[in-house]
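Taking it in order: structure first as structure tokens, then the write-up.
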Amino acid sequence: MEITKEEVENKLYDVMDPELHMSIVDLGLVYKVQVKDKKVHIRMTLTTLGCPLFDTIQEEIETKLAQLKLKPDDIKIELTFDPPWSMDRMSENAKAMLGI
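Counting in numbering that gives the first Met the number 0, the sequence shown runs from 0 upward without gaps.
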């Protein structure tokens, strides 16, 4: 069974930022999702350069994508800070939840 980009993106909506308790997608942390040959490449950032919670977020991504029968070896997470994250990347829903 082929996994689609949309299926991966839908699962990423279930991955919560441990501090803000909001989806990493709604926060605008996910820059790009690619699916090719049953492998997933996620390009993402964090809210701050020194954020110590990446391992926690990575584990949750792997857990959620396991529901699509993906193994950790099938998932590549590329962490980037170019461009740096800003609140402008947040969804309207996330901004409303934070009162912005």
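We put the CB at the ideal spot given by N, CA and C, even for glycine.
Which partner residues does residue 43 have in the DSSP bridge list?
Partner(s): 29, 78.
Do residue 59 and residue 89 count as a contact pair if the criterion is CB distance below 9 angstroms?
Between residue 89 and residue 59, the C-beta gap is not smaller than 9 angstroms, which leaves the two residues out of contact.
Suppose you measure from the CA of residue 54 to the CA of residue 85; what does that come to, to the nearest Å?
C-alpha separation (whole angstroms): 21 angstroms.
So the alpha helix (DSSP H) residue 5 belongs to, where does it begin and stop?
From DSSP, the alpha helix (DSSP H) with residue 5 extends over 4 to 11.
Return the bridge partner residues of residue 15 from the DSSP annotation.
Residue pairing by DSSP places residue 15 opposite 22 in a beta bridge.
So what does DSSP say about residue 35, is it helix, strand or coil?
Strand at residue 35.
For a test of the three-state rule: what should DSSP assign to residue 64, helix, strand or coil?
Correct three-state label for residue 64: helix.
Buried/exposed call for residue 49, threshold 16 Cβ in 10 Å
Taking all protein chains shown into account, residue 49 has fewer than 16 neighbouring C-beta atoms within 10 Å of its C-beta and is therefore exposed.
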